[in-house]
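A.B. asks: Those protein sequences? They're chains A and B, same order as listed. Numbering of the first sequence is given in the working numbering, commencing with residue 6 and proceeding in unit increments. Numbering of the second sequence is given in the working numbering, commencing with residue 6 and proceeding in unit increments. Ideal Cβ positions, reconstructed from N, Cα and C, are used throughout, including at glycine. All values derive from a computational prediction rather than experimental measurement. I have a structure here, written as structure tokens, and I will follow up with some questions on it.
There are 2 protein chains.
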Amino acid sequence: MYPNLLMKRASLTPDRVALRFNEQEWTFARLAEEAIEFAEKLHTKGMEKGMRIAILASSNPKLIVVMHACMQLGCELVLLNERLSEEELNYQLADSAPDYLVVDDYNKRSLSFSNKYSFDEIENVGRSFFEVEKDWTKERTITIMYTSGTTGRPKGVRQSLENHVMNATGSALNLGVHPNDCWLCTMPLFHISGFSILMRSVYYGMTINLHTKFDAEAAIKEILSGTVTRMSAVAVMLERMLTVLESKGLSFPNTFQSVIVGGGPVPLNYLERAIERNIPVLQTYGMTETASQTTTLASEDALRKLGSAGKPLFFADVRIDGNEEIGEICIKGPHVTKGYVGAAESTNPLVDGWLHTGDMGYMDEEGYLFVVDRRSDLIISGGENIYPAEVEQALVKHPAVKEAGVTGKLDDKWGRVPVAFVVLKGETSEEELRTFMKKQLAPYKQPVDYYFVDQLPRNGSNKLLRRELFNYIKNT
Amino acid sequence: MYPNLLMKRASLTPDRVALRFNEQEWTFARLAEEAIEFAEKLHTKGMEKGMRIAILASSNPKLIVVMHACMQLGCELVLLNERLSEEELNYQLADSAPDYLVVDDYNKRSLSFSNKYSFDEIENVGRSFFEVEKDWTKERTITIMYTSGTTGRPKGVRQSLENHVMNATGSALNLGVHPNDCWLCTMPLFHISGFSILMRSVYYGMTINLHTKFDAEAAIKEILSGTVTRMSAVAVMLERMLTVLESKGLSFPNTFQSVIVGGGPVPLNYLERAIERNIPVLQTYGMTETASQTTTLASEDALRKLGSAGKPLFFADVRIDGNEEIGEICIKGPHVTKGYVGAAESTNPLVDGWLHTGDMGYMDEEGYLFVVDRRSDLIISGGENIYPAEVEQALVKHPAVKEAGVTGKLDDKWGRVPVAFVVLKGETSEEELRTFMKKQLAPYKQPVDYYFVDQLPRNGSNKLLRRELFNYIKNT
Numbered sequence: 006m007y008p009n010l011l012m013k014r015a016s017l018t019p020d021r022v023a024l025r026f027n028e029q030e031w032t033f034a035r036l037a038e039e040a041i042e043f044a045e046k047l048h049t050k051g052m053e054k055g056m057r058i059a060i061l062a063s064s065n066p067k068l069i070v071v072m073h074a075c076m077q078l079g080c081e082l083v084l085l086n087e088r089l090s091e092e093e094l095n096y097q098l099a100d101s102a103p104d105y106l107v108v109d110d111y112n113k114r115s116l117s118f119s120n121k122y123s124f125d126e127i128e129n130v131g132r133s134f135f136e137v138e139k140d141w142t143k144e145r146t147i148t149i150m151y152t153s154g155t156t157g158r159p160k161g162v163r164q165s166l167e168n169h170v171m172n173a174t175g176s177a178l179n180l181g182v183h184p185n186d187c188w189l190c191t192m193p194l195f196h197i198s199g200f201s202i203l204m205r206s207v208y209y210g211m212t213i214n215l216h217t218k219f220d221a222e223a224a225i226k227e228i229l230s231g232t233v234t235r236m237s238a239v240a241v242m243l244e245r246m247l248t249v250l251e252s253k254g255l256s257f258p259n260t261f262q263s264v265i266v267g268g269g270p271v272p273l274n275y276l277e278r279a280i281e282r283n284i285p286v287l288q289t290y291g292m293t294e295t296a297s298q299t300t301t302l303a304s305e306d307a308l309r310k311l312g313s314a315g316k317p318l319f320f321a322d323v324r325i326d327g328n329e330e331i332g333e334i335c336i337k338g339p340h341v342t343k344g345y346v347g348a349a350e351s352t353n354p355l356v357d358g359w360l361h362t363g364d365m366g367y368m369d370e371e372g373y374l375f376v377v378d379r380r381s382d383l384i385i386s387g388g389e390n391i392y393p394a395e396v397e398q399a400l401v402k403h404p405a406v407k408e409a410g411v412t413g414k415l416d417d418k419w420g421r422v423p424v425a426f427v428v429l430k431g432e433t434s435e436e437e438l439r440t441f442m443k444k445q446l447a448p449y450k451q452p453v454d455y456y457f458v459d460q461l462p463r464n465g466s467n468k469l470l471r472r473e474l475f476n477y478i479k480n481t
Numbered sequence: 006m007y008p009n010l011l012m013k014r015a016s017l018t019p020d021r022v023a024l025r026f027n028e029q030e031w032t033f034a035r036l037a038e039e040a041i042e043f044a045e046k047l048h049t050k051g052m053e054k055g056m057r058i059a060i061l062a063s064s065n066p067k068l069i070v071v072m073h074a075c076m077q078l079g080c081e082l083v084l085l086n087e088r089l090s091e092e093e094l095n096y097q098l099a100d101s102a103p104d105y106l107v108v109d110d111y112n113k114r115s116l117s118f119s120n121k122y123s124f125d126e127i128e129n130v131g132r133s134f135f136e137v138e139k140d141w142t143k144e145r146t147i148t149i150m151y152t153s154g155t156t157g158r159p160k161g162v163r164q165s166l167e168n169h170v171m172n173a174t175g176s177a178l179n180l181g182v183h184p185n186d187c188w189l190c191t192m193p194l195f196h197i198s199g200f201s202i203l204m205r206s207v208y209y210g211m212t213i214n215l216h217t218k219f220d221a222e223a224a225i226k227e228i229l230s231g232t233v234t235r236m237s238a239v240a241v242m243l244e245r246m247l248t249v250l251e252s253k254g255l256s257f258p259n260t261f262q263s264v265i266v267g268g269g270p271v272p273l274n275y276l277e278r279a280i281e282r283n284i285p286v287l288q289t290y291g292m293t294e295t296a297s298q299t300t301t302l303a304s305e306d307a308l309r310k311l312g313s314a315g316k317p318l319f320f321a322d323v324r325i326d327g328n329e330e331i332g333e334i335c336i337k338g339p340h341v342t343k344g345y346v347g348a349a350e351s352t353n354p355l356v357d358g359w360l361h362t363g364d365m366g367y368m369d370e371e372g373y374l375f376v377v378d379r380r381s382d383l384i385i386s387g388g389e390n391i392y393p394a395e396v397e398q399a400l401v402k403h404p405a406v407k408e409a410g411v412t413g414k415l416d417d418k419w420g421r422v423p424v425a426f427v428v429l430k431g432e433t434s435e436e437e438l439r440t441f442m443k444k445q446l447a448p449y450k451q452p453v454d455y456y457f458v459d460q461l462p463r464n465g466s467n468k469l470l471r472r473e474l475f476n477y478i479k480n481t
């Protein structure tokens, strides 16, 4: 058993600030009080212990209260990604079969699910008492999140209390815990990158500064003001902050501790520019199935091991499958999901106790993990492996290139060949890029086509969706 | 399963300093290497996984290596208190029935145990390989320590890996973890107050500065030099440091984080003087059966809740038994021992899942624990309860009193009456003290006898042994 996270935290440090949003502030005591109040209203509407509740909402303080309310009631949360299409959402609702759906605003979507309430409808009913559990079982499912799913239908991943707690413990032992820490949360709360910040907050007694969504200017303003010490990001967010800082000649203050950058490899070029701007970037390797981080670079290694995602955190174990230097990354530990819901329920995510991620990487002689690529994105061209990330990294080295996405297209001769999608920030031409790239990469890795686009397809947490790049090809 | 603590730590941060002793320094990599080397020598001598090894030695780096070596081999450690009499040690050896006894120096004691080796005898043999376990079970017994035992024979308490890890986790969430933390260890390593620092060191990746024993001048010198940030102590050690600081007009530097003071209530007078000397004192309530801390005051409450031992740490739960405000302190959590070895093996330390400590205390309306006294020390006089600690606190308020110990003596009329043992630091008389005390306490709490002594009886961790005070009475 573990203690009821929010109640224990509210009893330990009731007056510490749990949440800041614009000019508003919630202490842990107030957050606990509002969570119980909302839970009693959910209870009035029929929700109770053991039920499954799907939530579709934007990141704001009310969503945090609603999430905690559902946890207090003893319900499982299905966290829906509000950037999905209605078809995708309806699939997840059908697959996870929640007892209720709770949404912040009906008008955003028309979903084919009958047992639903809006936040306002619940807010307006009376409270009905329920017994708050003092302790929670470790095995309890806290959240269900559908993975981005690179092949086939997305799967609903169960994240248990133990998954979240052990993940947060491992992260604490790596990053340290300071009573004055404050985490800037610009990641969506329905995604593990955002939700894990919420878990750390109640577990550590740490303040969250919440932004509804990522805005580079707003994030930088917050960081420069000295109010926050940590932040989670993906590579593209880092790049956007770098561009702003560079244009203004600004750097991060020394009080800021680290940006934890996950969601795929970070181009070395970004890491080098980050050093110039005094941004302590710690690469991490995490995913929905591991309730966030599995490896994260330690601060002391940030410069020496540039490009690495670090070592496995205290309770985590990683091995590389196969006989070659680069192989599939496999993960073990108490932070790894025990399984799925819905159609995939009978699928065991583990093979001999190890999660086979489908991601490719290697460990250097000192045990640092380098994530090379997502296996499903691998382009096999004439028997040679081409890692899209490598080609993308080469492209963004060009001063006119802001972002790049690379994928494979079918080719009669080679099987697949790489194709590049480029967002520009300066003047260049296809010809100039081809010349530039020839200096960077072997001939078989050269993109055969270049598409100049305004933006790249990204998921709710700004991770590049390479398989979506195909849609561009189909449409040309 | 948890990872093998030392091996995981050495793989995560091999170059961080694990241990400093005088001018010597051990990184985690070196400590792991020396532990394995010594373990292979123990193995040569016949020790192997599943065995029980008793250790009798002074606090020094070699003892740390030996302790880690035994853990690496997969053995249980019986940690013997070197300040005990030979009779007491022989009892503990007979009761715990270890497979081997390992001592730093034969000449110190003549123990009736045949299967024994000195550190040197082991050092001088060759190494024989054994398979180092990558993971350890949570239930595994790491250490066995005999409790000071206020009544009857001392009991050998099993401390499991989970006990130690969860205790260290709860402490980390309260105190915070900083990569630059360094804990000054002047407590004996065979006692939970010292051994728990060793566990935190490998778990957090934190440096220990080791002193063979507590010396107020040496501790203050170390703290003033800025090399350490934390320290564990008991009340009398705090008093000795205060006296030195006051005589020299010195205060602790701001870089120092906290002195964790356990082993019984701390007189308010000491706490107030500590504030004057910029010593951040955090009272804690812990014991052998809970692998160290159960409650510890948080830094932010240090001044507001002076005299309290704080709130139950994240994974710990505390309740007060009985119907009165002051009752027996009961403890629950993953840090609580699962049981004893030897004669007490069949005794379940828990009643309905709660450890009944025999200690008396209360919780205020905000949930802060105040430890009033050890129940077994309670003096019941004419039906009234007298808590020795309360009388002692009153005594040390007098400017000439350095330390005080109070216990009960048999009395025909009242059952028991309090008797005071006083160590002076200035000029005073029995008459003056009596007059002083009448202003402080109710008539029935007044000591009937005063004994002026040079020192008070204390155990290996400097905790006052009130039952030993009786010996003074017998001898007068």
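Answer with yes or no whether the minimum CB distance from Y7 of chain A to chain B is below 8 Å.
C.D. replies: With 8 Å as the cut-off, Y7 of chain A counts as an interface residue toward chain B.
A.B. asks: Can you tell which of A:E167, A:K121, A:K13 has the C-alpha that lies nearest to the C-alpha of T342 of chain A?
C.D. replies: Per the Cα distances, A:E167.
A.B. asks: How long is the line joining the alpha carbons of S339 of chain A and T174 of chain A, rounded to whole angstroms?
C.D. replies: The residue asked about is misnamed: residue 339 of chain A is Pro in this sequence, not Ser. Rounded to whole angstroms, P339 of chain A to T174 of chain A spans 11 Å at the Cα level.
A.B. asks: Going along the chain, which unbroken runs of the beta strand (DSSP E) with 3 or more residues stay wholly within the region 12-87 of chain A?
C.D. replies: Entirely contained in the region 12-87 of chain A, the beta strand (DSSP E) runs reaching 3 residues are, in chain order, 22-26, 29-32, 57-61, 81-84.
A.B. asks: State the Cα-Cα distance for the pair R282 of chain B and D186 of chain B, rounded to the nearest angstrom.
C.D. replies: Rounded to the nearest angstrom, the two C-alpha atoms are 21 Å apart.
A.B. asks: Which of the three DSSP states, helix, strand or coil, is assigned to Q164 of chain B?
C.D. replies: Q164 of chain B: strand per DSSP, three-state reduction.
A.B. asks: Using DSSP with H/G/I as helix, E/B as strand and the rest coil, what is Q288 of chain B?
C.D. replies: Of the three classes helix, strand and coil, the one that applies to Q288 of chain B here is strand, per DSSP.
A.B. asks: Under 8 Å between C-beta atoms, does P404 of chain B make it to chain A?
C.D. replies: No, because no Cβ of chain A sits closer than 8 Å to the Cβ of P404 of chain B.
A.B. asks: Let me confirm a value: R471 of chain A is counted as buried when at least 16 other C-beta atoms fall within 10 Å, else exposed. Which label applies?
C.D. replies: So R471 of chain A ends up on the buried side.
A.B. asks: Taking its Cβ as the centre, do 16 or more other Cβ atoms sit within 10 Å of F33 of chain A, making it buried, or is it exposed?
C.D. replies: That one is buried.
A.B. asks: Name the residues in the region 166-181 of chain B whose C-beta lies less than 9 Å from a C-beta of chain A; which are they?
C.D. replies: The residues in question are T174, A177, L178, N179, L180, G181.
A.B. asks: Have a look at L89 of chain A and T212 of chain B and give me their C-alpha separation to the nearest angstrom.
C.D. replies: The straight-line gap from Cα to Cα measures roughly 49 Å.
A.B. asks: When you compare each of B:K121, B:N65, B:N274, B:N86 to I58 of chain B by their alpha carbons, which one comes out closest?
C.D. replies: When each option's Cα is compared against that of I58 of chain B, the closest is B:K121.
A.B. asks: Can you pull the chain B neighbours of T18 of chain A, defined as C-beta to C-beta under 8 Å?
C.D. replies: Result: A303, E305.
A.B. asks: Does any residue of chain B have a CB that is nearer than 8 Å to the CB of F118 of chain A?
C.D. replies: No, because no Cβ of chain B sits closer than 8 Å to the Cβ of F118 of chain A.
A.B. asks: Just to confirm the assignment, what range does the alpha helix (DSSP H) spanning S252 of chain B have?
C.D. replies: S252 of chain B -> alpha helix (DSSP H) spans 240-253.
A.B. asks: Taking DSSP's pairing of strands, which residues face N214 of chain B in a bridge?
C.D. replies: B:R25, B:L189, per the DSSP bridge assignment.
A.B. asks: Are the C-beta of H183 of chain A and some C-beta of chain B separated by less than 8 Å?
C.D. replies: Yes, H183 of chain A lies at the interface with chain B (some Cβ there is under 8 Å from its Cβ).
A.B. asks: Can you tell me which residues form a DSSP beta bridge with L106 of chain A?
C.D. replies: In DSSP, L106 of chain A forms a bridge with A:A59, A:K121.
A.B. asks: So which residues of chain B does Y209 of chain A contact, with C-beta pairs closer than 7 Å?
C.D. replies: Correct list: L178.
A.B. asks: Here's the rule: buried if 16 or more other CB atoms are within 10 angstroms of the residue's CB, otherwise exposed. What is K139 of chain A?
C.D. replies: Exposed, since its Cβ has fewer than 16 Cβ neighbours within 10 Å.
A.B. asks: Who pairs with K414 of chain A in a beta bridge, going by DSSP?
C.D. replies: In DSSP, K414 of chain A forms a bridge with A:V422.
A.B. asks: I'd like the span of the beta strand (DSSP E) that includes S297 of chain B, first residue to last.
C.D. replies: It spans 297-301 - the beta strand (DSSP E) in which S297 of chain B sits, taken as one unbroken run.
A.B. asks: Closest to T362 of chain A by CA distance: which of A:T299, A:F475, A:S252 is it?
C.D. replies: Selected option, being the one with the closest Cα: A:T299.
A.B. asks: Please confirm whether G2 of chain A has its beta-carbon closer than 8 Å to some beta-carbon of chain B.
C.D. replies: Residue coverage of chain A in this structure runs from 6 to 481, which leaves residue 2 of chain A outside it and unanswerable.
A.B. asks: If you measure beta-carbon to beta-carbon, which residues of the region 116-150 of chain B are closer than 7 Å to chain A?
C.D. replies: Answer in chain order: no residues at all.
A.B. asks: Mind checking the region 414-439 of chain A against chain B and listing, in chain order, the residues whose C-beta falls within less than 7 Å of any C-beta there?
C.D. replies: Within the region 414-439 of chain A, no residue has a Cβ that lies closer than 7 Å to any Cβ of chain B.
A.B. asks: E222 of chain A lies in the alpha helix (DSSP H); which residues open and close that run?
C.D. replies: Its alpha helix (DSSP H) spans residues 221-229.
A.B. asks: The region 320-344 of chain A: which residues have C-beta closer than 8 Å to a C-beta of chain C, in chain order?
C.D. replies: Structure shown: chain C not included; protein chains present are A and B.
A.B. asks: Going by Cα to Cα distance, which pick from B:M6, B:P270, B:H196, B:R21 is closest to A303 of chain A?
C.D. replies: It is B:R21 whose Cα lies nearest to the Cα of A303 of chain A.
A.B. asks: Under the three-state reduction of DSSP, which class applies to F261 of chain A: helix, strand or coil?
C.D. replies: Note: F261 of chain A maps to coil in three-state DSSP.
A.B. asks: Note down the Cα distance separating K13 of chain A from N172 of chain B, rounded to an integer number of angstroms.
C.D. replies: Answer to the nearest angstrom: the Cα atoms are 16 Å apart.
A.B. asks: Could you check whether C190 of chain A and L215 of chain A sit closer than 8 Å to each other, using their CB atoms as the reference points?
C.D. replies: Result yes, Cβ atoms of L215 of chain A and C190 of chain A sit closer than 8 Å.
A.B. asks: Please check if any C-beta of chain B sits within less than 8 Å of the C-beta of K468 of chain A.
C.D. replies: Output row for K468 of chain A: interface = no.
A.B. asks: Just by C-beta distance, which residues in the region 11-42 of chain A are closer than 9 Å to chain B?
C.D. replies: Per Cβ criterion, the list reads K13, R14, S16, L17, T18, P19, D20, R21.
A.B. asks: Quick one: list the residues of chain B neighbouring K310 of chain A, beta-carbon separation under 8 Å, in chain order.
C.D. replies: Near K310 of chain A there are no residues of chain B at all, since even the closest Cβ is about 13 Å away, more than 8 Å.
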